[in-house]
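In this text, residue positions in the sequence shown follow the numbering used here: the first is 697, and each later residue adds one.
Positions of the beta carbon are idealized from the N, C-alpha and C atoms, including for glycine.
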Amino acid sequence: LEDEHWCEDEDFHIHYARKNISFQTICDEFTQLIPIIIEGQNETDETECEQWPCNNIYTRCDGLWNCPHGEDEVGCDLSSTLNCFSDHHKSVSLHTNELICLPIKQTNDGKIDCLGATDEPTLCQEKYQVEFVRNFYCINSSHQSCIDAQYLCNNIKFCDHGDDEKFCVKNRTNTFTYSSICLSLYSSIRSDVEQFLCYETKEKIKQQIKYFSLDEMSKSVEDQSKDIIKLRFSSSFHIEMSDQHKIRCHRGFDLRIWLNNEKNLTTNTCLCPPSFYGDMCQYQNQRVSLTIKFRVLSDSWSTLFAIIISLIDDSEKRIIHSYEQFTYLSIRDCKIKFNIYLLYSTRPKNETKNYAIQIDIYEKSSLIYRGSLLFPIIFPFLPAHRLVYVVDIPRNNENIETCLNSQCIHGKCMTYSNNPKHNSFIVKCNQ
């Protein structure tokens, strides 16, 4: 953790999480941020968390305990017939080897109450680790305290006192020798106890970067403008729609808009994808569908680029009809193919003009201009184009050729990096 420099053999996501505060992973019981001294105190992403809810849409049912007593994992296993109250954890008794409901107050208290110590997960989870493979705890074991789930019920005692075999079903008709019951091919013949322990002790990976999500949204959403109005949705937006609503918006989403809450007046509208328009998304837009993959030399793998992709015409003003802007980091995005829709500013497009794709590349932190590329669109009479490019980002010290026959009053006239001898040029104005 003390090394703040990224190495090529280090996972980029781990390095990023160590140096950047993430709203989605803050106060989740796993310290990721390198300690920062603020007013003489070591501060991380896990300090000052007293008022922060640990059970939220980013931690709920992710397989790891993000709350002190695992409240975020209560009720996540629906595979067994045993149902527990919301303040109890499902576990396996040390004495009967059967499923029981353990009060959450008895978890993470330093006392093992359950087989495999599923109530004390920190016993097999080292601090600052992101991958947890051995999650079954052998009680009073002299040589190996934590073992993999793949060693459970394989007719070999890995724990000194046979904790890993004592709960297993004996004399199965489907016999297997030296193979763990936790292998996927045996999932259909597991008992409820075996299914639970295989699930609880399987390999777990702490996700370093989490993105905004509504997948675990609560079952009710309150309209803040009217306290008395409540709209109810099913979990994860798995809404069963009638066939009529499914086909009304072609490749779009059918939305209901409240016009007047007091009179309960609503109307339906379609949220169309970029390639379609109309009140039912029934018309196709004239468009350019673009797929781009970028490449950069090794000296710029860790350089963050700002990239602007524009759809322009050949008029004197070089009108930009639409554009997309994003950042590119080679060590993060080198395998990504960027898919972009670019639309014309008028419907229909002016067929007397020629169009092209222009790509401008800058270094994000310093705003150093790396160059521009131009890709003319051939066959302009077609209503839609599907284009695929592999773009090499120009070198940092690459000389950008200026125009010989054109002069700019308050800027520079430069040629495009991918075709410097072409009669097209780009003008970069002074700030």
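Is the segment 1024-1031 close to the segment 1070-1077, with three or more CB pairs under 8 Å? With a cut-off of 8 Å, the segment 1070-1077 and the segment 1024-1031 do not count as touching, because too few Cβ pairs lie within range.
Please list, in chain order, all residues of the same chain as V865 whose beta carbon is under 6 Å from its beta carbon, the five residues on each side excluded. Hits under 6 Å: S887.
Ranges of the beta strand (DSSP E) found wholly within the segment 724-793, counting only runs of at least 3: 732-734, 737-739, 784-788, all fully within the segment 724-793.
As assigned by DSSP and simplified to three states, the class of V889: Helix, per DSSP.
Are the CB atoms of S1113 and L1069 within a distance shorter than 7 Å? In contact: L1069 and S1113 (Cβ atoms closer than 7 Å).
Using 8 Å as the Cβ pair cut-off and three pairs as the minimum, do the segment 785-793 and the segment 810-818 touch? Look at the beta carbons and you see the segment 785-793 touching the segment 810-818: at least three pairs across the two are nearer than 8 Å.
Under three-state DSSP, which class holds F719? The answer is helix: DSSP assigns F719 an H, G or I state.
Just the C-alpha distance for I1016 and W997, rounded to the nearest angstrom, thanks. If you take the alpha carbons of I1016 and W997, they lie about 30 Å apart.
When the Cα atoms are used, what is the spatial distance from F1121 to M1110? Answer to the nearest angstrom: the Cα atoms are 6 Å apart.
Enclosing beta strand (DSSP E) for R952 [first to last residue]: R952 -> beta strand (DSSP E) spans 949-956.
Cβ atoms of Y1040 and Q982: under 7 Å apart, would you say? Yes, the pair counts as a contact, with Cβ atoms nearer than the cut-off.
Paired residues, beta bridge with Q980 - DSSP: Paired residues: F972.
Restricting to runs no shorter than 4 residues, where is the alpha helix (DSSP H) found entirely within the segment 811-844? None, since the segment 811-844 contains no complete alpha helix (DSSP H) of that length.
Using the rule of at least 16 other Cβ atoms within 10 Å of the residue's Cβ for burial, across every protein chain shown, is S883 buried or exposed? So S883 counts as exposed.
Hey, Y1128 and S1011: beta-carbon distance below 7 Å or not? Any answer about residue 1128 is impossible in this case: the structure gives the chain only from 697 up to 1127.
Closest to Q1021 by CA distance: which of I1057, G1107, S971 is it? The residue among I1057, G1107, S971 with its C-alpha nearest the C-alpha of Q1021 is I1057.
Whole angstroms are fine: how far does the CA of G858 sit from the CA of L778? Approximately 25 Å, taken between the alpha carbons.
State the CB to CB distance for the pair N831 and T897, rounded to an integer number of angstroms; the pair is presumed to be in contact (CB under 8 Å). Rounded, the Cβ-Cβ distance is 4 Å, consistent with contact.
As assigned by DSSP and simplified to three states, the class of R868: Looking at R868 - three-state DSSP - the assignment turns out to be coil, as it is neither helix nor strand.
Given a threshold of 16 other Cβ atoms within 10 Å of its Cβ, counted over all protein chains shown, does C820 qualify as buried or as exposed? By the neighbour-count rule (16 or more Cβ atoms within 10 Å), C820 is buried.
Identify the continuous beta strand (DSSP E) that holds I1036 and give its terminal residues. First-last of the beta strand (DSSP E) with I1036: 1034-1039.
Cβ pair Y1085, I988 closer than 7 Å: The answer is yes: Cβ separation under 7 Å.
Thinking just about the alpha-carbon of each residue, which of I1008, K1033, F1034, I1055 is nearest to the one in T1042? Among I1008, K1033, F1034, I1055, the Cα nearest to that of T1042 belongs to I1008.
Can you have a look at Y907 and say buried or exposed, based on whether 16 or more other CB atoms are within 10 angstroms of its CB? Classification of Y907: exposed, given that the 10 Å Cβ count is below 16.
Give the DSSP bridge partners of Y1109, in chain order. Per the sequence presented here, residue 1109 reads as Cys, with Tyr not at that position. DSSP output for C1109 lists V1123 as bridge partner(s).
Under three-state DSSP, which class holds I796? In the three-state scheme derived from DSSP, where H, G and I count as helix and E and B as strand, I796 is classed as strand.
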